[in-house]
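Every letter in the sequence shown is one number past the one before it in UniProt numbering, and letter 13, counting from 1, is 13. Note that beta-carbon positions come from the ideal geometry of N, C-alpha and C, so glycine has one too. Keep in mind that this is a model prediction, so the values were computed, not measured. Step one of this worksheet: look at the structure below.
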Amino acid sequence: MKASLTGLLILLGIVAFGQKKADKEEWKQLFNGKNLDGWDVKIRGYALNENFGNTFRVENGSMVVRYDAYDDFKQQYGHIFYKGDFSYYRVAVEYRFVGEQAPKGEGWAWRNSGIMVHGQPAETMGLKQDFPASIEVQLLGGNDKKRTTCNLCTPGTNVVIDGKLITQHCINSTSQTYNGDQWVRAEVLVLGDSLIQHFANGEKVLEYNKPQLGGGNVSGHDPALLVNGKLLEHGSISLQSESHPVEFRKVELLELKGCMDPKAKNYKSYFVKSDNSTCEYKRKRRK
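Below is the structure:
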C-alpha cells in the first residue's frame, strides 16, 4: 500500500510540474450564478426536488441556504446535488456563514455545513433519510476558539488513515479557525477509491485512503444500498443544509479523468486517470 501510494504521489508531482509548462486547468463552473439549473434538491421528509421553504436559492449571484420559512428546524437536513457521477477530480467551493441559526437547530450544527463527495445518487435517498451515504468534507465557522474547517465526517462510510480503518464519525483537520463572515475556499482532491485530500485556502489539512461504505450515522436509508466494506470509486457531489445560513459564491470542478493520448486535441497533461474513449482527433485534410 505504501509503495503504491508513494508512486501515486510521485505521479501527482510530475503532473504538477508538467502543468507549469503545459495545459491551463479547465475548471467547470457547477453553479452559474443565476439559478439552480443542473442541481437536485433533497430535504428530509420531502420528495426529491421539493425545495421546502425555498431553502436553497440564489441571491446576489451566490447559491445560498436560508431558513426564513422555518419556525422549527425539526432536523430537516437538506442537500443540493449536482447532477452527475464523478470519480477523479478536484472540487472547490468558496463559502461563508452568515446570520442566525434556524430555530431549534442542534448546537453542533451552528455554522456547520459540508461538501459531500462519493455520495449516493439523490434519487436513491429515502423520504426521511437524513444524510446521503457519502464522505463529508465538513465546513465549520469559527466561534473565537479553536474550530477547524475542512474536517472529515462519515455518514454511512469509513476511511483508512495510516493503514488503519477509521470508524470514528468525525476527524478534525489541521486548518486554521476562520471567524466571522469571511469567505473561505475549500477544495477536495478525489482520486477514485485511492486517495482524498482536503485543502483550506490552499493549505492541505487532511488526507486519507480507501473511502468505503460502512458504519452508522445515517438513518432513513435503504439498508440494501449500504454494503459494508465496499470501496467508493465514484459518486455524487452535494452541499448541505444543516440549520445555519451559508452562502456559496463559487462551486467549481476540475476533471482529472479523460483523454491521455498526447495526439488527441482534448488531451490534458494534468489528467491522472485514462479514459481514452473520450479522445477527439483532428481530421486529416483530403488531398
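- With 16 or more neighbouring CB atoms inside 10 Å of its own CB, residue 206 falls in the buried class.
- Taking C-beta separations shorter than 8 Å and ignoring five residues to either side along the sequence, the partners of residue 90 in its chain run 187, 188, 189, 190, 253, 254 and 256, following chain order.
- Residue 141 holds the alpha-carbon nearest to the alpha-carbon of residue 181 among 216, 73, 220 and 141.
- In the structure shown, residue 112 adopts extended strand secondary structure according to DSSP, grouped into three states.
- The beta carbons of residue 139 and residue 95 sit closer together than 8 Å.
- Under DSSP, residue 24 takes part in no beta bridge, so it has no partner.
- Assignment of residue 243 by DSSP, reduced to helix, strand and coil, places it in the coil class.
- The criterion of a C-beta distance shorter than 8 Å is satisfied by residue 242 and residue 77.
- Residue burial is scored here from C-beta neighbours: residue 153 has at least 16 other C-beta atoms within 10 angstroms and is therefore classed as buried.
- Burial is judged here by how many other beta carbons sit within 10 angstroms of a residue's own beta carbon; residue 232 has at least 16 and is buried.
- Under the DSSP assignment, residue 82 falls in the beta strand (DSSP E) whose first and last residues are 78-86.
- Proximity of the stretch 121-128 to the stretch 38-46 meets the contact definition, three or more beta-carbon pairs being nearer than 8 Å.
- In this structure residue 168 is exposed. Its beta-carbon is surrounded by fewer than 16 other beta-carbon atoms within 10 angstroms.
- Three or more Cβ pairs closer than 8 Å define a contact, and the stretch 206-216 meets that threshold against the stretch 155-162.
- Secondary structure of residue 155 (DSSP, three-state): coil.
- Of the candidates 33, 237 and 193, the residue whose Cα lies closest to the Cα of residue 208 is 193.
- Its chain contains 56, 57, 58, 245, 246, 247 and 248 as the residues whose beta carbon lies nearer than 8 Å to that of residue 64, once the 5 sequence neighbours on both sides are disregarded; these appear in chain order.
- If you draw a 10 Å sphere on the C-beta of residue 66, you find 16 or more other C-beta atoms in it, and that means buried.
- Residue 98 and residue 110 have their alpha carbons spaced roughly 11 Å apart.
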